[in-house]
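A.B. asks: Okay, handing you the structure first.
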Amino acid sequence: MKQTFRWFGDSDPVTLSYIKQAGATGVVTALHHTPNGEIWTVKDIMKVKSTITSASLEWSFIESIPIHENIKLRTGDYLKRIENYKQSLINVVECGVKNVCYNFMPVLDWTRTHLHWELDNGGTALRFDKVDMAVFECHIMKREGVENSYSKEILKKAHTRFASMASIEKKRLEDSILKGLPGTVDDLTIPVFKNMIAQYDDLSHQDLKSNLSYFLNEIIPLAEELGIKMAIHPDDPPMDIMGLPRIIKSESDLDDLVGFIDSPSNGITFCTGSLGANPDNDLPKMIRKFKDNIHFLHLRNVRREADGSFYEDNHLEGSSNMYEVVKAVKDIEKERGIELTMRPDHGHQMLNDLDTQSTYSGYTAIGRLKGLAELRGLEMGISKSLDL
Ligand code: DNO
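In case it helps, this note's numbering puts the sequence shown at residues 115 to 502.
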């Protein structure tokens, strides 16, 4: 596998020099300052690219060129936004970058209820707690219709938990959910957020899928002509939240995706953390099944809990069998005669990184370095012992 690290640009405390020291050969980044839906200019792309190449690294994947909400809703100026997207694709290719990750999650990108959840060993992890999510939806943002989204049991627990929460804890929960996680939409306030989700009131899962299919049928022929590999990121967590439809969370969703348009450019970011939070997903089986469409790997491991909660465990631990996952990856690499690009996704906050609040949540240097080192060792062990 080609080993890469996500980098958030010049303001990222995890510098290109650190990334190089971690042993990665490439970085995954985006034009984080270009507003969603605007054209990425050649000048801006080249600036980032030359910073990366000056550090003797490669810009392996763009993560992401985000999709404007009007495209997801197929409303307003969506046709103009699609044209902008196409122009951005033309421009990135002109700069020699040909791999593009994106997602189709309405309003929110990835979502957690805890950004610093304490582990037994003193480090911290990201966590999604179903009851806390219900606390937020029922008692903090007071979403209409929320009682239809949770079981009676969870709603009851949420009621009791909210009653015992100090205001600082309520604020922490609200911030964890709404204060834009790295690479996501801007920070949101509850009123803005409520307006944004209201736009999706009448949009079913099927409608959103049909809007994705429409978008792909516009974009993929051009991407294929340009030699671009598009790779959709699955929904994280892989379930509806806030009453918003989420459509890329299971094997059958991926079946639909690849069926929308048959092209090597219509691909997948196989995120083992996002897909692994859905207990129905058999990750090694899915890797083998979607072998021709997987262009990018996000490797991490979540520990699932019975009520749908999960936290991010060590990369080789958690509920998914990372040995079987990497073995499936090695098999498909061999079959396709290629090396897939991977990044160790997220990492614990640990050691010296505990003394700093400046790294992006989940994107600490040491936790990811540990994840990369473990995955690298696992890959070597599999390759050498199975001759893959
Ligand atoms: C979280 C990330 C996601 C991802 C986007 C891709 O850590 O994997 O935010 O970048 O969903 O568009």
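We put the CB at the ideal spot given by N, CA and C, even for glycine.
Take L302 as the anchor and find which of I166, L222, P149 and V162 has the nearest alpha-carbon.
C.D. replies: What you label residue 302 is simply residue 188 of the sequence shown in a count that begins at 1. For the residues I166, L222, P149 and V162, the minimum Cα distance to L302 belongs to L222.
A.B. asks: Take H230 and list the residues in its own chain whose beta-carbon comes closer than 7 Å to its own, dropping the five residues that flank it on each side.
C.D. replies: Residue numbering aside, residue 230 sits at position 116 when the sequence shown is read from its first letter. Closer than 7 Å at Cβ, skipping near neighbours: T238 and Q463.
A.B. asks: Between which two residues does the beta strand (DSSP E) holding F175 run?
C.D. replies: Against the sequence shown, residue 175 aligns to sequence position 61. Start and end: E172 to E177.
A.B. asks: Where does N435 fall in DSSP's three states?
C.D. replies: Looking up residue 435 in the sequence shown gives position 321. Note: N435 maps to coil in three-state DSSP.
A.B. asks: Between R490 and Q135, is the Cβ-Cβ spacing less than 8 Å?
C.D. replies: By one-based count along the sequence shown, residue 490 stands at place 376. By one-based count along the sequence shown, residue 135 stands at place 21. Taking 8 Å as the Cβ cut-off, R490 and Q135 do not qualify as a contacting pair.
A.B. asks: Restricting to runs no shorter than 4 residues, where is the alpha helix (DSSP H) found entirely within the segment 367-392?
C.D. replies: The segment 367-392 contains these whole alpha helix (DSSP H) runs: 386-390.
A.B. asks: What is the residue span of the beta strand (DSSP E) that Q117 lies within?
C.D. replies: Reading the sequence shown from its first residue, position 3 is the one you call residue 117. First-last of the beta strand (DSSP E) with Q117: K116 to R120.
A.B. asks: Where do the ends of the alpha helix (DSSP H) carrying Y477 lie?
C.D. replies: Here residue 477 refers to the residue found at position 363 when the sequence shown is read from its first residue. Segment: none, Y477 is in no alpha helix (DSSP H) and carries neither H nor E.
A.B. asks: Please report the distance separating the alpha-carbon of K163 from that of E488.
C.D. replies: In the sequence shown, residue 163 corresponds to position 49, counting from 1. In the sequence shown, residue 488 corresponds to position 374, counting from 1. Spanning the two alpha carbons is a distance of roughly 29 Å.
A.B. asks: Which stretch, first to last residue, makes up the alpha helix (DSSP H) that contains P398?
C.D. replies: To locate residue 398, count along the sequence shown from 1; it is residue 284. It spans L397 to K403 - the alpha helix (DSSP H) in which P398 sits, taken as one unbroken run.
A.B. asks: Could you tell me which whole beta strand (DSSP E) segments of length 3 or greater appear in the segment 126-164?
C.D. replies: Within the segment 126-164, the complete beta strand (DSSP E) runs of at least 3 residues are 140-143.
A.B. asks: Under 7 Å: does the beta carbon of W231 sit that close to some heavy atom of ligand 1?
C.D. replies: By 1-based counting over the sequence shown, the position of residue 231 is 117. No, the Cβ of W231 stays beyond 7 Å of every heavy atom of ligand 1.
A.B. asks: How is N59 classed by DSSP in three states: helix, strand or coil?
C.D. replies: The structure shown does not extend to residue 59, since the chain spans only 115 to 502, so no value can be given for it.
A.B. asks: To which residues of the same chain is L483 closer than 7 Å at the C-beta, ignoring the five residues directly before and after it?
C.D. replies: For the purposes of this step, residue 483 is taken as the residue at position 369 of the sequence shown. Excluding positions up to five away in sequence, the list reads A136.
A.B. asks: Give every residue of the same chain whose Cβ lies closer than 7 Å to the Cβ of S174, excluding the five residues on either side of it in the sequence, and list them in chain order.
C.D. replies: Translated into positions along the sequence shown, residue 174 becomes position 60. So the qualifying residues of the chain are K116, T118, G140, V141, V142, N213 and T455.
A.B. asks: Counting along the chain, where does the beta strand (DSSP E) carrying V416 start and finish?
C.D. replies: Locating residue 416 in the sequence shown gives position 302, counting from the first residue. Looking at the DSSP string, the run of the beta strand (DSSP E) that includes V416 is V416 to R418.
A.B. asks: Do W154 and ligand 1 come close, with the Cβ less than 7 Å from some heavy atom?
C.D. replies: Working through the sequence shown from its first residue, we reach residue 154 at position 40. Not so, every heavy atom of ligand 1 lies at least 7 Å from the Cβ.
A.B. asks: Assuming L358 and Y314 form a contact by the criterion Cβ under 8 Å, report the distance between their Cβ atoms to the nearest whole angstrom.
C.D. replies: Taking the first residue of the sequence shown as 1, we reach residue 358 at position 244. Taking the first residue of the sequence shown as 1, we reach residue 314 at position 200. Right, their Cβ atoms sit about 6 Å apart.
A.B. asks: If you compare alpha carbons, which of D350, I355 and M344 is closest to I382?
C.D. replies: The residue labelled residue 382 in the question sits at position 268 within the sequence shown. Nearest C-alpha to I382: M344.
A.B. asks: Less than 7 Å between C-beta atoms, sequence neighbours within five positions excluded: which residues of the same chain meet that for T148?
C.D. replies: Here residue 148 refers to the residue found at position 34 of the sequence shown. Cβ within range, chain order: W154 and D158.
A.B. asks: Could you check whether the Cβ of W224 sits closer than 7 Å to any heavy atom belonging to ligand 1?
C.D. replies: Along the sequence shown, one-based indexing puts residue 224 at 110. Result yes, Cβ under 7 Å from ligand 1.
A.B. asks: Is it the case that the CB of S178 approaches a heavy atom of ligand 1 more closely than 7 Å?
C.D. replies: Sequence index remark: in the sequence shown, residue 178 carries index 64 (1-based). Yes, ligand 1 has a heavy atom inside 7 Å of this Cβ.
A.B. asks: Could you tell me whether any non-hydrogen atom of ligand 1 is closer than 7 Å to the CB of C385?
C.D. replies: Reading the sequence shown from its first residue, position 271 is the one you call residue 385. Yes, the Cβ of C385 comes within 7 Å of a heavy atom of ligand 1.
A.B. asks: Under DSSP, the alpha helix (DSSP H) around G453 begins and ends at which residues?
C.D. replies: Translated into positions along the sequence shown, residue 453 becomes position 339. The sequence as given places Glu at residue 453; Gly does not occur at that position. Per DSSP, E453 belongs to no alpha helix (DSSP H) and is neither H nor E.
A.B. asks: Roughly how far, in whole angstroms, is the beta-carbon of R450 from the beta-carbon of K399, given that I think they are within contact range, below 8 Å?
C.D. replies: Residue 450 sits at position 336 when you count from the first residue of the sequence shown. Residue 399 sits at position 285 when you count from the first residue of the sequence shown. Actually they do not touch by this definition, with Cβ atoms about 17 Å apart.
A.B. asks: Looking at C-alpha atoms only, which residue of G151, S178, L171 and H146 is the closest neighbour of L130?
C.D. replies: Here residue 130 refers to the residue found at position 16 when the sequence shown is read from its first residue. For L130, the nearest C-alpha among the options comes from L171.
A.B. asks: Is the distance from the Cβ of L434 to the Cβ of G390 below 8 Å?
C.D. replies: Looking up residue 434 in the sequence shown gives position 320. Looking up residue 390 in the sequence shown gives position 276. Here the sequence assigns Ser to residue 434, which means Leu is not the residue at that position. The answer is yes: Cβ separation under 8 Å.
A.B. asks: Taking C385 as the reference, which of L240, D349 and A337 has the closest Cα?
C.D. replies: On the sequence shown, position 271 is the one that residue 385 refers to. Nearest of L240, D349 and A337 to C385, Cα basis: D349.
A.B. asks: Would you check if there are 3 or more beta carbon pairs closer than 8 Å linking the segment 426-445 to the segment 195-208?
C.D. replies: The segment 426-445, when compared against the segment 195-208, does not touch it at the 8 Å Cβ threshold.
A.B. asks: Would you check if the segment 319-337 and the segment 183-190 touch, i.e. whether three or more CB-CB distances between them fall below 8 Å?
C.D. replies: Yes: the two stretches touch, three or more of their Cβ pairs being nearer than 8 Å.
A.B. asks: Which first and last residues belong to the alpha helix (DSSP H) in which H429 is found?
C.D. replies: Your numbering for residue 429 matches position 315 in the sequence shown. Here H429 belongs to no alpha helix (DSSP H), and DSSP marks it neither H nor E.
A.B. asks: For I334 versus S377, is the C-beta distance shorter than 8 Å?
C.D. replies: Sequence index remark: in the sequence shown, residue 334 carries index 220 (1-based). Sequence index remark: in the sequence shown, residue 377 carries index 263 (1-based). Taking 8 Å as the Cβ cut-off, I334 and S377 qualify as a contacting pair.
A.B. asks: Rounded to the nearest angstrom, what separates E177 and D126 at their Cα positions?
C.D. replies: Working through the sequence shown from its first residue, we reach residue 177 at position 63. Working through the sequence shown from its first residue, we reach residue 126 at position 12. E177 and D126: Cα-Cα distance of roughly 15 Å.
A.B. asks: Strictly by DSSP, which residues pair up with F424?
C.D. replies: Along the sequence shown, read from residue 1 onward, the residue named residue 424 stands at position 310. Looking at the DSSP assignment, F424 forms a beta bridge with F242 and R418.
A.B. asks: Apart from the five residues just before and just after L430, which ones in its own chain have a Cβ nearer than 6 Å to its Cβ?
C.D. replies: Position 316 of the sequence shown, counted from the first residue, corresponds to residue 430. M436 and E488, listed in sequence order.
A.B. asks: Quick check: H412 and G373, are their CB atoms within less than 8 Å of each other?
C.D. replies: In the sequence shown, counting from the first residue as 1, residue 412 sits at position 298. In the sequence shown, counting from the first residue as 1, residue 373 sits at position 259. Not a contact, by the Cβ cut-off of 8 Å.
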